[in-house]
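2 protein chains.
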Amino acid sequence: MTFMPDGNSNSKNVKTLKIVQSEVQSTNKIALSVDCVIFGFDENKLKVLLIRSDMKKFQSKWSLLGDLVKPEEDIDSAAYRILKQRTGLDHLYLEQVHTFGSINRHPGGRVVSVAYYSLINIQHHKLKILDNELHWHDVDSVTDLAFDHQEIFDTCYTRLQKRVQEHPLGFSLLPNKFSLRELQNLYEAILGVKLDRRNFRKKFFAMDFLIDLDEIEENVPHRPGKLYKFNYSKYEKRNKKWIGIDF
Amino acid sequence: MTFMPDGNSNSKNVKTLKIVQSEVQSTNKIALSVDCVIFGFDENKLKVLLIRSDMKKFQSKWSLLGDLVKPEEDIDSAAYRILKQRTGLDHLYLEQVHTFGSINRHPGGRVVSVAYYSLINIQHHKLKILDNELHWHDVDSVTDLAFDHQEIFDTCYTRLQKRVQEHPLGFSLLPNKFSLRELQNLYEAILGVKLDRRNFRKKFFAMDFLIDLDEIEENVPHRPGKLYKFNYSKYEKRNKKWIGIDF
DNA sequence: CTGCAAATGTGTAAAATTTACACAAAGTAG
DNA sequence: CTACTTTGTGTAAATTTTACACATTTGCAG
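Chains as they are written, first to last, in the numbering used here: chain A, 1 to 247; chain B, 1001 to 1247.
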């Protein structure tokens, strides 16, 4: 990181940075879209929902689900709209990640796209509008997406990996009732690591946010595990302030 | 977090989610801007650069520095442009944080704004274009900004607090050569906590990214401290992968 | 020159956390 | 009833974090 004090900045070109009505309405060159990285978890693999691009330039490439934001629509609402259209589900975990606005990212013109990721419980949904081969892909096999969607996907996946370690997101990918084994499989799939079973359990029990449902798994060909759910309301009340400088 | 499997989604209203040229160019209702939260560090206080809003509706309120993104300009470039205009500095630390797009966030029309924060070394710059009372404010005293700028500011400040603990950003706020005391003051100011001096030193020396310059402070009315700089190139080569689930 | 004020520089012991690791019990399938 | 698979559990060692005190260096006032 370097510093270049520069007395020669182009001060003359600066207009007052006020945005007035006329200016807003005449700015008609930038379109706004949202793209959603929709994650699911099935058969111990982390999945992402993709669709075939229907732009010729990207024929045969997969792409994320997205759409233009409507003029009278909040950005978050646009993302929810896409999720609902495709999965039929409401009230999903949804997090804005980054806005991608390279000038030439979209061949159809200047389109700035706000990227979100969402976590859905694969058992609880049925895909809607099955056009363009909409379906779930293993995250490991996601390469060479259309547009700049590979970069968007990578950014969102990295964010998820970070975030899931610090916040109780992961439960959104699981059934309401889950075993500790399922929870561990989830973390292993998201983070791409193997974890020690005893230490994993110890850690979660120590956090004390799991509610023991006094139920056990059914239809497993071995000793069934106990089922738990996550105690969101207890979690909300916690106020941990974490100071731990470390690069 | 609840789940509402919903077979009744409005599938009929869905059009194919392709964005075609005509559509992009006819979407002329959304303007795109950037807003910058510019942080500085002076006299052991974290500061932010604000300007008086020149919209009547917000008279006398402070606001962030921002401008519309030009049709042929990357979003990041727009943010850099503002920084350069105002501080004369180039090559600043700049991080995109979040995009704010509530329908009515701007009285002049629909304006979606991409928020950034930047870290600058206050000694190394002179403010440019001193219109509208542009100047530095203590972050503690920042309240009731114009537009939704308070929310933007809070989001960016929170992000900085998080980020500075995990990445070597803070050095961008300090002179090239700094003492450990200055570094500790910086962290204390950003995080709003007191830290143990011996443990703070121990931690930074253990990371082993500080280069001892064999120089000492001058013009201090007490025993001078040694000066260091941060070893960015060594830091870049490190590949720490951190697994530590904890909410 | 002396003494005072202020901040630097340094180590250790206790506490807390993290890691590695093994065996008995519960269920299913044949 | 046997073999197989996975659950459920504890402890000792290693590591990391925390709390804490004193001698040293400099500037400054007298």
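C-beta atoms are modelled at their ideal positions from N, C-alpha and C, and glycine is treated no differently.
- The criterion of a C-beta distance shorter than 8 Å is not satisfied by A:L89 and A:H135.
- Taking C-beta atoms under 8 Å as the contact rule, B:L1032 and A:V220 fail to qualify, at a distance of about 52 Å.
- Against B:L1134, chain A offers no close residue; the least beta-carbon distance is about 10 Å (beta-carbon pairs closer than 9 Å).
- Nearest CB-CB separation between B:R1052 and chain A: not below the 8 Å threshold.
- Annotated as distal: B:D1035 and B:A1146, with beta-carbon spacing of 8 Å or more.
- With fewer than 16 other Cβ atoms inside 10 Å of its own Cβ, B:H1222 counts as exposed.
- B:Y1187 has a beta carbon lying within less than 8 Å of a beta carbon in chain A.
- The C-beta of B:T1099 comes closer than 8 Å to at least one C-beta of chain A.
- Between B:Y1228 and B:D1212, the beta carbon gap of about 6 Å places them in contact (Cβ cut-off 8 Å).
- Interface with chain B (8 Å Cβ-Cβ cutoff): A:Y117 is excluded.
- Here the alpha carbons of B:F1041 and A:Q161 stand approximately 32 Å from one another.
- Cβ contact annotation for A:K84 (same chain, cutoff 8 Å, sequence separation greater than five): D90, in chain order.
- The three-state reading of DSSP puts A:T99 in strand, counting E and B together.
- Residue nearest to B:F1171 within the set B:Q1096, B:F1230 and B:G1066 is B:F1230 (criterion: CA-CA distance).
- In this structure, the CA atom of A:L186 is about 7 Å from the CA atom of A:N44.
- Residue pairing of A:L145 in beta bridges, as defined by DSSP: absent, with no partner found.
- Taking 8 Å as the CB threshold, B:Y1235 lines the interface with chain A.
- The region 99-109 of chain A and the region 1067-1082 of chain B touch, with no fewer than 3 CB-CB distances between them shorter than 8 Å.
- Rounded to whole angstroms, the separation of the alpha carbons of B:S1179 and B:H1149 is 34 Å.
- Partner residues in a beta bridge of A:S172, as assigned by DSSP, do not exist.
- Along the length of the region 1045-1101 of chain B, whole beta strand (DSSP E) runs at least 3 residues long occupy 1045-1052, 1065-1068 and 1093-1100, reported in chain order.
- Against chain B, a Cβ distance below 7 Å from A:K203 picks out I1245.
- Between A:L64 and A:L92, the CB-CB gap reaches or exceeds 8 Å.
- Shown here, B:L1183 sits in a helix according to DSSP, grouped into three states.
- For B:K1229, the pairing in a beta bridge is given by DSSP as B:I1211.
- Taking the C-beta atoms as reference points, A:V37 is found nearer than 8 Å to A:I152.
- Excluding sequence positions up to five before and after B:Q1123, its CB lies within less than 7 Å of the CB of P1175, all in the same chain and listed in chain order.
- Put simply, the CB of B:D1074 is near chain A, with a gap under 8 Å to one of its CB atoms.
- Residues of chain A whose Cβ lies closer than 8 Å to the Cβ of B:I1103 are, in chain order, E72, E73 and D74.
- Relative to the Cα of B:E1236, the nearest Cα in the group B:E1217, B:D1208, B:P1224 and B:L1130 belongs to B:D1208.
- Non-local beta-carbon contacts of B:L1191 in its own chain, meaning distances under 7 Å to residues more than five positions away in sequence, involve Q1161 in chain order.
- Against chain B, the CB of A:R110 has a partner CB under 8 Å away; the residue lies at that interface.
- Residues V37, V97, A115 and Y117 of the same chain have their beta carbon placed closer than 7 Å to that of A:C156, with the five preceding and five following residues left out of the count.
- Residue environment analysis places B:S1053 among the buried positions, since at least 16 neighbouring C-beta atoms fall within 10 angstroms of its C-beta.
- With a threshold of 16 other beta carbon atoms within 10 Å, B:G1244 falls short and is exposed.
- Using a Cβ-Cβ cut-off of 7 Å, B:P1168 is close to F247 of chain A, given in chain order.
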